[in-house]
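Accompanying notes for the structure given below.
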Amino acid sequence: DGGITQSPKYLFRKEGQNVTLSCEQNLNHDAMYWYRQDPGQGLRLIYYSQIVNDFQKGDIAEGYSVSREKKESFPLTVTSAQKNPTAFYLCASKARGGTGSFSEKLFFGSGTQLSVL
Amino acid sequence: QKEVEQNSGPLSVPEGAIASLNCTYSDRVSQSFFWYRQYSGKSPELIMSIYSNGDKEDGRFTAQLNKASQYVSLLIRDSQPSDSATYLCAGPIYNQGGKLIFGQGTELSVKP
Chain A
-6 DGGITQSPKY
4 LFRKEGQNVT
14 LSCEQNLNHD
24 AMYWYRQDPG
34 QGLRLIYYSQ
44 IVNDFQKGDI
54 AEGYSVSREK
64 KESFPLTVTS
74 AQKNPTAFYL
84 CASKARGGTG
94 SFSEKLFFGS
104 GTQLSVL
Chain B
3 QKEVEQNSGP
13 LSVPEGAIAS
23 LNCTYSDRVS
33 QSFFWYRQYS
43 GKSPELIMSI
53 YSNGDKEDGR
63 FTAQLNKASQ
73 YVSLLIRDSQ
83 PSDSATYLCA
93 GPIYNQGGKL
103 IFGQGTELSV
113 KP
């Protein structure tokens, strides 16, 4: 079945540590996104990528880094510079339509809950 | 002004009532909108999309878009306890390659 796989489901970070959240999709989608969700709040965009080897900062990119070396993979690293990393992280993807513009439908992974030890 | 803003919750309605969820948006948002439902600890799922002024109905759900007022709403008729969730509205930013901006969400509780 096609979909987006995020791992791990739960992750704990020690102070000063970098951690990497995995996101893999087999939908052949061009665009991929990382969102952060804090309790009782909506989704805030961290980074997004519309094509391999290219990505852009979202609204809250500080303390995070990404790479897009393969179409199906968009890992997110939470660096030690992110002082308040506890949140629910969601990866999502979109297809590009025949006209070149992006489809409106966003597909989500099941999320990773990151907590600080 | 936030690009997409939802009415504050939580919203509590009795079973069988109509739940009304509202969103306003700024000029930076392209005028197509999406309503997502999110159960606690789960990822959002798309329940409605609307692109044109007016109403769009799908089962117990009706989305309403008023472009002049920059306002979009979701009505849930005959609310059920299983509708209890957080509802997020979202719209794409103009000329930013499908970048979707979400409102802060409204938590709905349907009481039996």
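So the sequence lines, in the order shown, correspond to chains A and B.
Counted the way the working numbering counts, the first sequence spans residues -6 to 110.
Counted the way the working numbering counts, the second sequence spans residues 3 to 114.
Every residue gets a Cβ at the ideal spot worked out from N, C-alpha and C, and that includes glycine.
As the structure is a computational prediction, the values presented were derived from the model and not from experiment.
Per DSSP, the bridge partner or partners of proline 16(B): Lys113(B)
Stretch-stretch touch, CB-based, cutoff 8 Å, three pairs: the region 5 to 15 of chain B with the region 46 to 55 of chain A: Counting Cβ pairs under 8 Å, fewer than three are found: no touch.
Chain A contact residues for glycine 107(B), given Cβ-Cβ distances below 7 Å: Gln34 and Gly35
Spatial distance of aspartate 31(A) from arginine 6(A) (CA atoms): 16 Å
The beta strand (DSSP E) enclosing lysine 50(A), as first and last residue numbers: 47 to 50
Within the region 10 to 57 of chain A, ranges of the beta strand (DSSP E) (whole runs, at least 3 residues): 12 to 18, 24 to 30, 36 to 44 and 47 to 50
Sequence-distant residues of its chain with Cβ nearer than 7 Å to alanine 80(A) (five each side left out): Exclusion of the five residues before and after alanine 80(A) leaves Arg29, Gln30, Asp31 and Leu107 as the residues of its chain whose Cβ lies within less than 7 Å of its Cβ.
Beta-bridge partners of asparagine 24(B), as assigned by DSSP: Ser75(B)
Cut-off 7 Å between Cβ atoms - residues of its own chain near phenylalanine 48(A), not counting five sequence neighbours on either side: Tyr40, Tyr41, Ser42, Val59 and Arg61
Coarse secondary structure for serine 51(B), derived from DSSP in three states: In the three-state DSSP reduction, serine 51(B) falls in the strand class (E or B).
DSSP bridge partner residues for tyrosine 82(A) (one or two, in chain order): Arg29(A) and Thr105(A)
Below-9 Å beta-carbon distance, proline 46(B) vs any chain A residue: yes
8 Å CB neighbourhood of cysteine 16(A) in its chain, flanking five on each side removed: Contacts found: Ile(-3), Thr(-2), Gln(-1), Met25, Trp27, Ser66, Phe67, Pro68, Leu69, Cys84 and Gly102.
Within chain A, partners of phenylalanine 104(B) - CB distance below 7 Å: Gly35 and Leu36
Cβ-Cβ distance between phenylalanine 36(B) and glycine 93(B) below 9 Å: yes
Selected residue, minimal CA-CA separation from asparagine 21(A), among Val109(A), Ile44(A) and Arg37(A): Ile44(A)
Neighbour flag for leucine 14(A) against chain B, beta carbons, 9 Å: No - not a single Cβ of chain B is within 9 Å of the one on leucine 14(A).
Contacting residues, own chain, Cβ-Cβ under 6 Å from glutamine 66(B) (five flanking each side not counted): Asp57 and Ser75
Cα-Cα separation between alanine 74(A) and glutamate 17(B), rounded to whole angstroms: 47 Å
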